[in-house]
Amino acid sequence: MSDANLFQQQRLNRRRSAVLVTIFLLFFAWIGFGGDYILYLSTMPASTPAASRGARSTYHHTFPWCGIGATLLGIGMAWYGWRNGPKQVLWATGAWELVQPAKPEEQQLVNVVEEMAIASGLPKPSVWMVPDKDPNAFATGTDERHAHIAVTEGLLTTLTRDELQAVVAHELAHVKNYDVKLMTLLAALVGVLALISDGTRRFLGRGGARVAGRRSGGGGRKGGVGLLAILLVLWLVSVLLAPLVSRLLALAVSRKREFLADASSAQFTRNPAALASALRKIEDAAAPTTTIHRGTAHLCIADPLGRRASFKEGFLADVFGTHPPMAVRIARLKAMAYQYQKTGVIPEAV
Amino acid sequence: MSWLLLILIVAAVVWGISAYNGLIQLKGDTLNAWKQIDVQLKRRHDLIPNLVNAVRGAMDFERETLEAVIQARNQAVKIQAEALPTGGVKKLAAAEAQLGAALSRLNVVVERYPQLKATGNIGQLQEELTSTENRVAFARQLYNDTATSYNVRQQQFPWTLIAGVARAEMVELWEITDEQERAVPAVDLSSKPKA
Numbered sequence: 183m184s185d186a187n188l189f190q191q192q193r194l195n196r197r198r199s200a201v202l203v204t205i206f207l208l209f210f211a212w213i214g215f216g217g218d219y220i221l222y223l224s225t226m227p228a229s230t231p232a233a234s235r236g237a238r239s240t241y242h243h244t245f246p247w248c249g250i251g252a253t254l255l256g257i258g259m260a261w262y263g264w265r266n267g268p269k270q271v272l273w274a275t276g277a278w279e280l281v282q283p284a285k286p287e288e289q290q291l292v293n294v295v296e297e298m299a300i301a302s303g304l305p306k307p308s309v310w311m312v313p314d315k316d317p318n319a320f321a322t323g324t325d326e327r328h329a330h331i332a333v334t335e336g337l338l339t340t341l342t343r344d345e346l347q348a349v350v351a352h353e354l355a356h357v358k359n360y361d362v363k364l365m366t367l368l369a370a371l372v373g374v375l376a377l378i379s380d381g382t383r384r385f386l387g388r389g390g391a392r393v394a395g396r397r398s399g400g401g402g403r404k405g406g407v408g409l410l411a412i413l414l415v416l417w418l419v420s421v422l423l424a425p426l427v428s429r430l431l432a433l434a435v436s437r438k439r440e441f442l443a444d445a446s447s448a449q450f451t452r453n454p455a456a457l458a459s460a461l462r463k464i465e466d467a468a469a470p471t472t473t474i475h476r477g478t479a480h481l482c483i484a485d486p487l488g489r490r491a492s493f494k495e496g497f498l499a500d501v502f503g504t505h506p507p508m509a510v511r512i513a514r515l516k517a518m519a520y521q522y523q524k525t526g527v528i529p530e531a532v
Numbered sequence: 018m019s020w021l022l023l024i025l026i027v028a029a030v031v032w033g034i035s036a037y038n039g040l041i042q043l044k045g046d047t048l049n050a051w052k053q054i055d056v057q058l059k060r061r062h063d064l065i066p067n068l069v070n071a072v073r074g075a076m077d078f079e080r081e082t083l084e085a086v087i088q089a090r091n092q093a094v095k096i097q098a099e100a101l102p103t104g105g106v107k108k109l110a111a112a113e114a115q116l117g118a119a120l121s122r123l124n125v126v127v128e129r130y131p132q133l134k135a136t137g138n139i140g141q142l143q144e145e146l147t148s149t150e151n152r153v154a155f156a157r158q159l160y161n162d163t164a165t166s167y168n169v170r171q172q173q174f175p176w177t178l179i180a181g182v183a184r185a186e187m188v189e190l191w192e193i194t195d196e197q198e199r200a201v202p203a204v205d206l207s208s209k210p211k212a
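Chains A and B supply the protein sequences, listed in that same order.
Heads up: the first sequence at position 55 corresponds to 237 in the numbering used here, and the numbers run straight through without jumps.
Heads up: the second sequence at position 34 corresponds to 51 in the numbering used here, and the numbers run straight through without jumps.
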């Protein structure tokens with residue numbers, strides 16, 4: 183990747199991170215202030231004296247406590263996700279840090295990471311091992327100086343040195359593009375949203391019906407009730423749909439960057455064929471990577487959930503795969519390898 | 018009228034400062050990339066005595082190959098001490114190419130002694146050697162890329178006016194001239210334990 187291309191990608195990622203955090207905060211504000219508005223409408227003092235005899239009319243919800251609270255909560259969570267995202271991700275996969283390599287394969291991994299740090303001009307990231315037999319790898323971190331690269335034990339036993347190098351280069355490309363920053367933030371925030379949505383669903387299942395029933399029973403505000411119902415439905419729908427939306431967001435941003443990282447890996451190693459054969463081996467191992475869960479799937483070099491969507495082409499794969507189809511990635515790398523062999527120059531993009 | 022002149026002067030000064038800083042940045046990047054090469058070459062040079070000691074006992078009759086490696090290494094160390102991006106890169110590149118060629122000959126010989134490779138230590142050293150060779154190659158790649166953009170920038174038109182002020186000098190690229198060096202990848206140094 184040329185410098186101009188790289189800076190453009192970094193700028194894009196910085197902007198996307200900002201947009202992501204903004205959407206996240208707006209979402210919390212919408213939930214909070216929406217709740218306030220519903221409370222405001224349902225506790226409004228009735229205009230007719232007959233209705234004001236009800237017990238509820240003693241409290242009138244005018245100050246948006248919920249909205250302010252939810253927004254502050256959102257800010258707190260975003261900040262927490264930003265600070266502790268990498269730690270959370272690594273913890274969630276059960277990775278351990280490789281400080282003192284004991285086995286020859288581990289020494290080789292550390293060497294390869296150091297080599298690729300030189301090639302990419304980045305500071306050396308810390309190296310983590312994920313205890314899993316399935317070959318996979320991911321990178322996380324907040325910036326270049328605090329980057330982590332994790333590979334599964336299966337990756338070390340499956341790949342040759344050159345292939346391992348290509349995979350590590352791919353992960354370092356994510357670090358250099360600022361992809362890790364955005365993707366880690368996304369992982370942290372998606373996790374929070376999933377938690378909220380699950381909680382809401384549980385609430386709806388048990389007490390929700392009772393509350394709704396009581397509310398519609400009192401008060402004589404004909405127009406207010408209609409509006410109230412619509413708002414309530416809208417509000418709940420957005421709470422329930424949040425994880426799906428955030429999921430799609432994760433997918434939308436992660437696929438194109440895989441192609442870019444593949445291209446950068448070829449730039450660093452000058453060996454596109456090695457990454458192609460590494461991807462082939464990772465795909466053939468197709469068993470799901472059990473230690474890597476839904477929230478961190480978009481960080482990995484290959485879809486760890488073994489979802490077939492990532493292996494096929496077509497509309498469904500375009501919408502639901504976290505990664506571009508393997509066949510397409512491999513074909514692009516092979517085209518690069520061919521061009522490199524012919525011209526001696528790694529093409530910018532294919 | 019004089020306002021227009023003033024604005025033009027200010028714009029020129031602002032541009033000059035940013036161009037100056039840009040050149041200084043590139044110069045720093047180039048020196049940094051060079052330092053990286055230096056570090057990796059030192060690593061390579063420090064590794065060789067270990068390697069030679071490890072194989073010396075088992076291959077007494079291959080003395081010539083070992084001597085060639087040691088000699089090439091000592092020569093390279095001497096040249097490295099006085100090489101700078103602005104001069105001596107070509108000489109150092111040639112010396113290192115010679116060392117690389119000697120090392121690959123040694124590796125061919127080592128491959129001929131399976132019992133030598135079986136003694137563990139050698140396998141470890143070979144991994145170190147592979148890694149070191151890669152590091153040198155990647156550091157060189159980074160240096161050449163950085164140095165090229167530095168060279169191009171200081172020759173391009175408006176920047177060339179500032180180049181003198183920023184004390185920008187053309188730097189030498191690390192070019193591979195030796196055919197033997199080009200052909201090195203033919204030897205498989207990988208000591209990857211097969212699954």
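Ideal placement from N, C-alpha and C gives every residue a C-beta, glycine not left out.
Treat the numbers as computed from the prediction; the structure is a model and nothing was measured.
Item	Value
Nearest residue (CA-CA) to N49 of chain B, options A:P305, A:A519, A:I205	A:P305
Helix, strand or coil at V182 of chain B [DSSP, three-state]	coil
Short CB-CB distance (under 7 Å) between R152 of chain B and chain A	yes
Under 8 Å from the C-beta of G267 of chain A: neighbouring residues of chain B	What G267 of chain A touches in chain B: nothing, since even the nearest Cβ is about 29 Å away.
Best match in B:E189, B:L68, B:L21 for proximity to V169 of chain B [C-alpha to C-alpha]	B:E189
Chain-ordered chain A contacts of A93 of chain B [CB-CB under 9 Å]	Chain A residues near A93 of chain B: none, gap ~19 Å exceeds 9 Å.
Beta carbon proximity, E297 of chain A to chain B, threshold 7 Å	yes
Short CB-CB distance (under 7 Å) between G303 of chain A and chain B	yes
Sequence-distant residues of its chain with Cβ nearer than 7 Å to V201 of chain B (five each side left out)	Any reading at V201 of chain B must be qualified, since the residue scores a pLDDT of 47, below 50, and its modelled position is unreliable; the value itself is stated next. Result list for V201 of chain B: G117, S121, in chain order.
C-beta contact flag for T204 of chain A and A348 of chain A at 7 Å	no
Extent of the continuous beta strand (DSSP E) run through H480 of chain A	H480 of chain A -> no beta strand (DSSP E), and no H or E assigned at all.
6 Å CB neighbourhood of A93 of chain B in its chain, flanking five on each side removed	A112, E113, L116
Residues of its chain near L413 of chain A, where Cβ-Cβ distance is below 8 Å and the 5 sequence neighbours each way are ignored	G216, Y219, I220, L223
L341 of chain A vs W310 of chain A beta-carbon contact at 7 Å	no
Inter-stretch contact at 8 Å, needing at least 3 Cβ pairs: the segment 171-184 of chain B / the segment 327-342 of chain A	no
S446 of chain A burial status per 10 Å Cβ neighbour count (16 or more: buried)	buried
Through-space distance from Q171 of chain B to E150 of chain B, alpha-carbon basis	31 Å
Straight-line Cα distance separating H62 of chain B from L68 of chain B	10 Å
Paired residues, beta bridge with M311 of chain A - DSSP	A:W278, A:V333
Whole-angstrom C-beta distance between G214 of chain A and G251 of chain A, which should lie under 8 Å	6 Å
Residues near A232 of chain A in its chain [Cβ-Cβ closer than 6 Å; skip 5 each side]	Residue placement at A232 of chain A is poorly supported in this model, since its pLDDT is 48, which falls under 50; the coordinates are not used for a value here.
Start-to-end residues for the alpha helix (DSSP H) that takes in G45 of chain B	19-73
Within chain A, the residues that E64 of chain B reaches when beta carbons sit closer than 7 Å	What sits at residue 64 of chain B in the sequence shown is Leu, not Glu. Those within 7 Å of L64 of chain B in chain A number zero; the least Cβ separation is about 12 Å.
Beta-carbon separation (whole angstroms), L515 of chain A vs A443 of chain A, contact threshold 8 Å	L515 of chain A to A443 of chain A, Cβ: 11 Å. No contact.
C-beta neighbour in chain B for I528 of chain A, strict 7 Å	no
Collapsed DSSP secondary structure at T147 of chain B in the structure displayed	helix
Outcome for R197 of chain A when other beta-carbon atoms lying within 10 angstroms are tallied against a minimum of 16	exposed
Alpha-carbon spacing of T163 of chain B relative to V106 of chain B, whole angstroms	15 Å
Close Cβ partners of R193 of chain A (< 8 Å) along its chain, the five nearest in sequence each way excluded	none
Within chain A, partners of A156 of chain B - CB distance below 7 Å	I300
Own chain partners of A71 of chain B with C-beta closer than 8 Å, once the 5 adjacent residues on each side are dropped	N138, I139, L142
T82 of chain B: first and last residue of the uninterrupted alpha helix (DSSP H) it sits in	80-99
Three-state secondary structure (DSSP) of A284 of chain A	coil
Alpha-carbon spacing of H352 of chain A relative to E297 of chain A, whole angstroms	13 Å
Closest Cα partner of E440 of chain A within the set A:T225, A:F320, A:V294	A:F320
T322 of chain A in three-state terms, based on DSSP	strand
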